[in-house]
Amino acid sequence: MDRIYTFFFTQQNNNFWLTFFRIAVSLLIIIHFVSILPDFKNLYSVNEGVIGYNVTDIFVPDYLINLPKIIIFFDTMGIAPDTTILSFKILFLAALGTLLLGYKQNLSALVVLLLQIALVKSNSYYAYGVDFFTSMSLFYLAIIPRDLSSIALSPFKRLFQIHVSIVYFFAGFDKIIGTNWWNGENIWKAINLPFATNTYDITFLGHFPILLTVFGLLTVILELTYPFFVWQPKISKYWIYLTILMHVGIAFILNLYFFSSIMIIWNLTLLFSFNNEKPTQS
Amino acid sequence: MKKQEFPFRKKIYLTITFTIISIILLSSVKTTVDSVCNYYQYDKNTPLNNFLTSVYNIKPLRVFNSYTGFETGYGFFGTNVSSDFVIIYDLLDKQGNKVDSKKFKLNTKEASVRFTSLNRLFLDKLTGDKNEMFNKYIDIVLKEMSKHIYNQYNGKYGVHLKVYLYNYPTLQDYVKGKNKTELFLTNEMTYTK
Chain A
548 MDRIYTFFFT QQNNNFWLTF FRIAVSLLII IHFVSILPDF KNLYSVNEGV
598 IGYNVTDIFV PDYLINLPKI IIFFDTMGIA PDTTILSFKI LFLAALGTLL
648 LGYKQNLSAL VVLLLQIALV KSNSYYAYGV DFFTSMSLFY LAIIPRDLSS
698 IALSPFKRLF QIHVSIVYFF AGFDKIIGTN WWNGENIWKA INLPFATNTY
748 DITFLGHFPI LLTVFGLLTV ILELTYPFFV WQPKISKYWI YLTILMHVGI
798 AFILNLYFFS SIMIIWNLTL LFSFNNEKPT QS
Chain B
72 MKKQEFPFRK KIYLTITFTI ISIILLSSVK TTVDSVCNYY QYDKNTPLNN
122 FLTSVYNIKP LRVFNSYTGF ETGYGFFGTN VSSDFVIIYD LLDKQGNKVD
172 SKKFKLNTKE ASVRFTSLNR LFLDKLTGDK NEMFNKYIDI VLKEMSKHIY
222 NQYNGKYGVH LKVYLYNYPT LQDYVKGKNK TELFLTNEMT YTK
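Going down the list, the sequences are from chains A and B. My numbering puts the first residue of the first sequence at 548, with every later residue one more than the last. My numbering puts the first residue of the second sequence at 72, with every later residue one more than the last.
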């Protein structure tokens with residue numbers, strides 16, 4: 548039991564990792580949000596979207612408050628949908644501004660989290676990996692205290708570190724049990740997905756199947772062993788750099804810039820979080 | 072002495088930490104089991120899967136997961152890279168003749184990427200044991216999309232929307248010289264007024 552407490556409650560020297568995490572996540576959400584503004588109504592309105600909310604709402608559980616529900620609620624009070632949407636955008640960006648500046652970090656993060664959930668849960672079919680990682684990032688920013696002397700800082704930092712480890716372990720594990728990660732087929736399929744093939748043509752790799760097989764296996768090994776190597780002080784940063792390199796590749800080859808960005812932020816945050824502690828002196 | 076070293080608040084924070092780690096593990100294992108069962112077409116009705124599903128669906132946990140993002144799995148293209156779809160529409164004149172043909176996309180690249188998540192619906196139709204009601208639901212979704220395109224052109228054209236399964240040659244086939252993408256029509260919808 549003592550070892551568990553020692554592991555979870557270490558003295559914190561600085562919270563640079565948390566400051567980095569807060570600023571990077573805030574900026575990413577702002578850029579991500581702005582990037583879809585020309586399509587905002589197409590994705591998230593009640594009646595003006597590509598698919599009407601009355602078609603998608605069957606997948607929205609009663610306990611979820613999303614933007615269309617908010618629009619409908621204010622509409623019944625005589626407030627036009629356009630006004631509600633504009634107010635939502637302003638509120639979202641304002642809350643992100645306060646989070647970016649670090650003003651009442653936990654409260655700001657909680658507000659942004661609720662608004663972000665309201666947005667992405669408007670239509671669950673438009674959500675993908677980056678949205679879940681954004682929500683989880685905001686959750687951490689909502690619960691992790693900035694105060695270095697807070698007892699909660701150390702265990703919640705450990706929680707984040709363990710979470711990142713679990714993420715990559717399962718990313719690798721899910722791949723290793725798929726037969727096509729052993730022969731290069733899945734890497735080949737991924738780089739030739741329709742949304743991935745617009746910018747860079749790397750089909751020449753198809754002439755080197757052994758290379759694709761090696762890429763696939765290296766990806767699996769990198770992810771599966773992540774939780775073991777990132778906790779080794781001498782190897783940690785190199786493993787994290789390799790993982791970041793993998794995400795840079797995913798960003799440019801699969802066009803998943805925002806997803807890759809948030810994963811790089813998580814990795815850098817992990818890297819910085821390992822450098823700020825010394826064991827508690829008993 | 073020990074109790075003074077580990078005050079009550081520390082226990083609370085440690086309990087919260089372990090609870091969240093358990094939730095993360097539950098979501099990870101649940102999505103992994105689902106992914107494996109789907110890919111290898113294993114029977115999902117196993118004691119392990121039933122147990123995971125029943126715990127995963129406890130309402131307070133579902134609410135927590137929904138509001139924090141912890142509901143997600145971490146497969147990242149595992150167990151298998153899913154097949155994808157391409158949505159193409161033809162614009163039809165009043166006589167029903169094809170005037171133009173375009174790939175469906177939104178104004179911004181990111182919104183278009185986001186919209187491709189909808190393709191899960193079409194994949195579910197092909198791979199899942201979905202019923203007739205689900206097929207009707209997909210038709211409604213397609214009708215909505217067609218109507219949206221129709222309105223974009225101010226009703227000037229009829230719309231013939233087509234969903235194609237996108238099939239790029241496998242690595243094995245590519246090495247043998249096959250390099251043409253195949254598109255298999257899976258759904259279609261014509262919308263005119």
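We put the beta carbon where it would ideally sit given N, CA and C, even for glycine.
query: Euclidean distance between Cα positions of I158 of chain B and Y228 of chain B; result: 18 angstroms
query: Continuous beta strand (DSSP E) stretch holding V230 of chain B: start and end; result: 229 to 238
query: Counterpart residues of N202 of chain B in DSSP-defined beta bridges; result: Paired residues: none, contrary to the question.
query: A844 of chain A and L660 of chain A closer than 8 angstroms at C-beta; result: Residue 844 of chain A lies beyond the stretch modelled for chain A, which goes from 548 to 829, so this question has no answer here.
query: Nearest residue (CA-CA) to Y788 of chain A, options A:I812, A:N613, A:F806, A:D586; result: A:I812
query: Beta-carbon proximity check, T681 of chain A vs Q708 of chain A, cutoff 8 angstroms; result: no
query: Sequence-distant residues of the same chain with beta carbon closer than 7 angstroms to I612 of chain A, five excluded per side; result: A665
query: Residues near T102 of chain B by beta carbon distance below 8 angstroms, same chain, minus five either side; result: T143, G144, Y145, G146
query: Contact the segment 813 to 820 of chain A vs the segment 565 to 575 of chain A: 3+ CB pairs below 8 angstroms; result: yes
query: is_contact[R705 of chain A, chain B] using C-beta, thresh 8 angstroms; result: yes
query: Cβ neighbours of P608 of chain A in the same chain (closer than 8 angstroms, five flanking residues each side left out); result: none
query: Beta-carbon spacing of D171 of chain B, Y237 of chain B below 8 angstroms; result: no
query: Whole-Å CB distance - V104 of chain B paired with L123 of chain B, under 8 angstroms assumed; result: 6 angstroms
query: Whether V593 of chain A touches I626 of chain A by CB criterion (8 angstroms); result: no
query: Closer than 7 angstroms: N190 of chain B CB and nearest the ligand NAP heavy atom; result: By its list of ligands, the structure shown contains no ligand whatsoever, and the ligand NAP lies outside what it can speak to.
query: Stretch-stretch touch, CB-based, cutoff 8 angstroms, three pairs: the segment 669 to 676 of chain A with the segment 696 to 710 of chain A; result: no
query: Within chain A, partners of K159 of chain B - CB distance below 8 angstroms; result: Here the sequence assigns Ile to residue 159 of chain B, which means Lys is not the residue at that position. Within 8 angstroms Cβ-Cβ: nothing; I159 of chain B doesn't reach chain A, min ~11 angstroms.
query: Local Cβ density within 10 Å of Q793 of chain A, reported as buried at 16 or more and exposed below that; result: Checking the displayed sequence, the identity of residue 793 of chain A turns out to be Met instead of Gln. The residue in question, M793 of chain A, is buried, as its Cβ has 16 or more Cβ neighbours within 10 Å.
query: Terminal residues of the beta strand (DSSP E) in which I159 of chain B lies; result: 155 to 163
query: Opposing strand residues paired with N258 of chain B [DSSP bridges]; result: B:V234
query: Segments assigned beta strand (DSSP E), at least 3 residues, entirely inside the segment 83 to 119 of chain B; result: none
query: Beta-carbon spacing of L759 of chain A, W735 of chain A below 8 angstroms; result: yes
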